[in-house]
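Chain order of the listed sequences is A and B. Sequential numbering from 2 applies to the first sequence in the working numbering. Sequential numbering from 36 applies to the second sequence in the working numbering. Even for Gly, the Cβ is constructed at its ideal location relative to N, Cα and C. Before any comments, here is the structure.
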Amino acid sequence: EWRRGEDPPPDTRRDKYQRGRDRSYDSDDYSRGRERLDCIYKLDPSPLVFQTVHNDAMSVRSKGGTSVSGVLECPKDEKRMIVSIDMTDMNKILWVDEENLTMCAEAGIIGEDLERKLAAKGYCTGHDPDSREVSSLGGWIATRASGMKKNVYGNIEDLLVGVKLVTPRGVIERSCQVPRISAGPDIHHFVLGSEGTLGIITEAVLKIRPLPELKKFGSLVFPDFESGVSCMREVARQRCAPASIRLVDNRQFRFGHALKPEQSFFASLKDSVKAFYVTKFKGFDPEKLCVATLLFEGSREVVESQERRVYNIAAKFGGLPAGEENGERGYMLTFAIAYMRDLGMEYGVVAESFETSLPWDRVLDACRNVKDRVQRESQRYRLHHDPVVSCRVTQTYDAGACIYFYLILNYRGLSDPVHTFDEIERAAREEVLSSGGSISHHHGVGKIRKRWLRETVSEAGVEMLRAIKQQTDPQNIFGCGNLIP
Amino acid sequence: RMSYTAHLSSDQSGICFGIRSYNPSVSRYCKPRSRSELIQAVLASPRVRHVIQKLSDDDETKKRHLDVQSFRILDDMAHNFYSIHRIRWFAVFVRQLIVKTLFERTLVNEGGLEQLFSTVDAPVVILPTHRSYADFLILSLLMYPYNLHLPAVCTGEDFKAMSFFGSLLRNCGGFFIRRSFGSDPLYWSLFTEYVQSILSNHELPVEFFIEGTRSRTGKSLHPKMGLFSAVCEMYVKRRVSDIYILPVSICYETRLEESLLVWELLGVSKPKESTRGLWKARKVLQENFGRIHMTFGKMMSLHAEIGHSVDRQHHSSRPRFVSGKCDLVHCEESAIQQLAYRIVSEQQKGWILCPSSLVAAVLLQQNNIDKDDLTEKVASLKELLERRGAKIMWEDTNRSSVDRGLYFLRDSVAVDSNSISTSSLSQLRAELSEVPWPSHCADCLTDEERMATLVDASRVMTLVCQQNQLIHLVTFDSLIAIGLCTHGYLQSRYGLLVLCQMLLSILSQEIAIKREKWKQCFENSMLQLEAEGVVVMSDDHSMVEVPSSSVDTVKFLSGVLIPSLMSAFLVCTWLLDCLTSEMMVSSIASAVQNYNLLLIKEGLLTFYETLSKESIKSVVISMINLKVLSQNKDAKTVTLFNRQKLESLHQSLGLITSCRCVERHPAKRQQSKL
């Protein structure tokens, strides 16, 4: 049902166009001057279609919502016409199975819509990435996404019960919907994180949960980042992490503080302790203190007992409860940051975020090293303003944590800001890897991290991925050029 | 050109110096802690826990025992640094009693020192040269008026025992390590963790001597890798994102302990370090020791130097504490070693020569010289050295510089109204043609005779130590010159290279250059000599010739290393004749020294340098490395392993030192055995 060269209806075009755009700066899709084809009508991709596509010498890729790894950039050496398939109209929930607590939806459904529709039935998936307003179900699977509330619901690989992947060689899916299976290497794991290289994800079955009885924010203030990290490590050790627990460093705390509309952080401490108590009596240094935001979900008893345990642990590390309101605002800030990036551009500020996962013992060193390295690089490039590097611990695991970095740079007065920023960002990423971090916790490899995949999964590992690709898509119809170096 | 500023000797009184404001800036990463907190942190570190776990085999009693032992070791080791009064005390004491009394002036290149201000937030390692005990005192003292942290200084355990001095050192950042702990994993882990803990907390800069020990001879030593690897490991495993390294050259016109060191070289046992000994030494030596020059080299960043050879997969895939010793892969080790050699060469670049070194170099080759002649020769040597990048402290005129040089050599040379002679050198020097077996046996030498010869030797050795300060500038020139002298001033370029490599392999212990660099140094030296017109190349660059105008220069250059080769030759001679059974290296050294003493006594040998036990030992070690001798590691004895090779080395050395052959007297050998 797709037609070549047909213009999309005028009212939807801009919206779709915008959505398909890569959310990274270096996106030259528009200037390539290559014929582009947008399939905006409902599409049932089947192997047959892709065969046709191949005969017409096209490269196919699916359009995503957000991308922080360059997955949507057109490969530089692609000579064929590129077809982008917009999945946003494949946005229905096909069924909800209340007995088994699963649901099946088309892959183009946007996270926000999915949760809203499920909530109307009294359920949720609980998968809650910061990008849920723009990211889709298919995108989550293709990138091995992680949700904020993974402590209760799990990451996407834990939620996934079934998935349908259409490849040029046929449809890959499991024939049963079972909680666990031992049938060789899990076929789902070929799909999870495949980043569009093997085919198009058309539908998926996820676990669902009844909506929680109670949802409660909370926050803690620590004298410094080190004690905050120690507290998180202890929470992970005792396996009592609430749905979400995040620790922001002093920089981000002050940034969030500066953004607040009316009252200050300390004024809102009214329900627990007074600002005087924190800064004077407890001697917290406003230049050093940092804040953890908490989100509890579940039944009233569970939430209450969890709260007690977490606050007790925090007290051991010098943490003080700082109220619900600050917690809620903390989560709002993460959403806001995504939008603020575009705003910053107008004021001569470039920003980029990157994330990694680390073993516990290296968390503090890595945070410090990245900040140091950026500082030194900026001295090397003689920046007029010191760049801002800020980090937060966003997830805890038994064996480690996920760290999120922001790198913000004022490029006014620089002769070649793009190059300078690239170099500094590269140095920061190198530093993460050298400090024992992974190339990504949940953003994926895409194009910008391809060069580090070989050292991450070993030479033979890359060959294995390449073999799968070669066998599933021998003509490289899904020539998006992601993942495999 | 660097400018030097005089410091520490201003007229400011001791009290004013003592109470000046001292408030060094603290890194924002630093968490202040006490000595016991530092010790506890080291004991609780995963590295130390892991080693104790492994050693104790999960036996609780053993484990407790090891815990106690570790605490004792650390308590012995750790510095004590948390009182400003102690630092002020130290500053006043060292300045008044040592620097101001004994030395004329201390000159520092401030530009280099100021680099330390810009590195508040990065760990710094200061690596000075080590020629004298005074090194760490003066360097620490210098930090005080500049309002910088006194570094934590790694020193040998023998200082700890000194009653007053030991605690003074400890209170000013000195920490004490055992001289050797090669295979003790617990000690390794404690010591590595201790140093890394100081650096990673950004508490203090750490200072240690990359050469590992004081250079008695005045030459640079091969860098020791232990502590340096421990520091690099910290960067490689990313406990910090970078470490800055500051090479420092501390140059003395005369060392405080010069005469002690000379005796040590001759193998007369060194008096044990004691405060009383030091005090007595100070009394005796209450005289002018000249100037001290301190050159702070260019700060190096470990990230820039070895960052590219880090194998991060290796380190990311296992915990960082797994080994007590440093856990580095091969390419990292070799990069670190290369860097260590570069640091030594940076130290050499910053070295400031004094007139006495040049005067000594000339006098060692020409005895009984009149002052005008000496002045002329010293001036031309100065030019030659400056063309090789030497920095030389010079007075207004050449004559006054020579006078200054002679003043500081006053114990070794006799200055008549106009002619200068070194009291013990005769003119024979290069005319020795044969080394016959001495007619006496070693026992025939009375103690008085022995002592008298050694006293003469000590005078020569003083000159040699002075000359050694410039030797790194002309090492290859000298080897090439030796090659040319041996072959009638005409030799193929390739032949020269082969000869140089052969000689280097014998002298390798005393020349701090990596084997891989030999060829490059040779080529550089050839280019330099050619540019100066000292040698002329044939058209196809295959032959090297010495024009008659530069024969004197070539002779002079060759004379610089001939004594060392003579020493090697005599060692070979002795080994061929007398090494019949297993022997300890130290007893070989004594035996060879005795043999040389006899030769000197009989007037057959005039190279007093050959009496140095140090150089005898270093030749023996080279022979072990060349697989001429084989070493029994447990008993520390050596035996002859490859007689043929030894004979060929002996022959080549004989040719070079113009000794044709050694007469063999089997009967005498019997005698000496008795």
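Reference residue i, options the options, closest by Cα
i: G127/A; options: V389/A, S147/A, T203/A and G109/A; result: S147/A
i: E74/A; options: S245/A, G155/A and E196/A; result: E196/A
i: L681/B; options: K671/B, T672/B, D193/B and V655/B; result: V655/B
i: T457/A; options: I469/A, H443/A, A468/A and S439/A; result: S439/A
i: C361/B; options: S264/B, V283/B, Q504/B and R377/B; result: S264/B
i: R273/B; options: L633/B, T252/B and H338/B; result: H338/B
i: S351/B; options: R363/A, I314/A, C291/A and Y312/A; result: R363/A
i: W141/A; options: C232/A, G345/A and I110/A; result: I110/A
i: V188/B; options: N144/B, A113/B and Q401/B; result: A113/B
i: L505/B; options: V394/B, S56/B and E649/B; result: V394/B
Spatial distance of residue i from residue j (CA atoms)
i: S468/B; j: S573/B; result: At S468/B the pLDDT is 39, less than 50, meaning the model places this residue with poor confidence; the figure from the coordinates comes in the next sentence. Taking the straight line joining both Cα atoms gives about 32 Å.
i: E174/A; j: D417/A; result: 48 Å
i: D399/A; j: V249/A; result: 20 Å
i: V350/A; j: D87/A; result: 31 Å
i: T692/B; j: L600/B; result: 7 Å
i: E149/B; j: P243/A; result: 51 Å
i: T615/B; j: V673/B; result: 10 Å
i: M334/B; j: Y279/B; result: 6 Å
i: G342/B; j: V271/B; result: 8 Å
i: E487/A; j: R234/A; result: Absent from the model: residue 487/A. The displayed extent of chain A is 2 to 486, so no value can be given.
i: S415/B; j: S493/B; result: 28 Å
i: N631/B; j: L295/B; result: 22 Å
i: D446/B; j: I635/B; result: 21 Å
i: S513/B; j: V589/B; result: 8 Å
i: F211/B; j: F199/B; result: 15 Å
i: F156/B; j: H237/B; result: The residue you asked about is not Phe; residue 156/B is Asp in the sequence shown. So the two alpha carbons sit approximately 7 Å from each other.
i: F244/B; j: V413/B; result: 32 Å
i: L363/B; j: E268/B; result: 7 Å
i: R353/B; j: T335/A; result: 33 Å
Start and end residues, alpha helix (DSSP H) containing residue i
i: G209/B; result: Element bounds for G209/B: not the alpha helix (DSSP H) but the beta strand (DSSP E), G209 to I212.
i: I111/A; result: Unbroken run through I111/A: none, as it is neither H nor E.
i: T473/A; result: E460 to T473
i: M658/B; result: K648 to N660
Residue span of the beta strand (DSSP E) that contains residue i, given as start and end
i: D366/A; result: Element bounds for D366/A: not the beta strand (DSSP E) but the alpha helix (DSSP H), V364 to R381.
i: I409/A; result: G401 to N411
i: Y715/B; result: Not covered by the structure: residue 715/B. The range shown for chain B is 36 to 709.
i: I83/A; result: M82 to I86
i: D98/A; result: I94 to D98
i: G219/A; result: L215 to F223
i: A352/A; result: V350 to P360
Chain A contact for residue i (CB, 7 Å cutoff)
i: S276/B; result: yes
i: S351/B; result: yes
i: R84/B; result: no
i: Q348/B; result: yes
i: R273/B; result: yes
Short CB-CB distance (under 7 Å) between residue i and chain B
i: S379/A; result: no
i: R374/A; result: yes
i: S28/A; result: In this predicted model, S28/A has a pLDDT of only 37, less than 50, meaning its place in the structure is not dependable enough to derive any value.
i: G319/A; result: no
i: G229/A; result: no
i: S1/A; result: In the structure as shown, chain A starts at 2 and stops at 486, and residue 1/A therefore has no counterpart that could be examined.
i: D423/A; result: no
i: F250/A; result: Before going on, a small fix: residue 250/A reads as Asp here, not Phe. False, the Cβ-Cβ gap to chain B never drops below 7 Å.
- Can you list the beta strand (DSSP E) stretches of 3 or more residues lying completely in the stretch 133 to 189 of chain A, in chain order? 161 to 168 and 171 to 173
- Task: Run through the stretch 525 to 613 of chain B for me and flag every whole beta strand (DSSP E) of 3 or more residues, listed as ranges in chain order.
- Result: 525 to 527 and 578 to 580
- Item | Those runs of the alpha helix (DSSP H) which lie wholly inside the stretch 39 to 97 of chain B and span at least 4 residues | 49 to 54, 70 to 78 and 81 to 91
- Task: Could you tell me which uninterrupted beta strand (DSSP E) segments, each at least 3 residues in length, are contained entirely in the stretch 187 to 232 of chain B, listed from first to last along the chain?
- Result: 187 to 191 and 209 to 212
- Which runs of the alpha helix (DSSP H) spanning at least 4 residues fall entirely within the stretch 403 to 459 of chain B, listed in chain order? For the stretch 403 to 459 of chain B, whole alpha helix (DSSP H) runs of length 4 or above, ordered along the chain, are 406 to 422 and 433 to 443.
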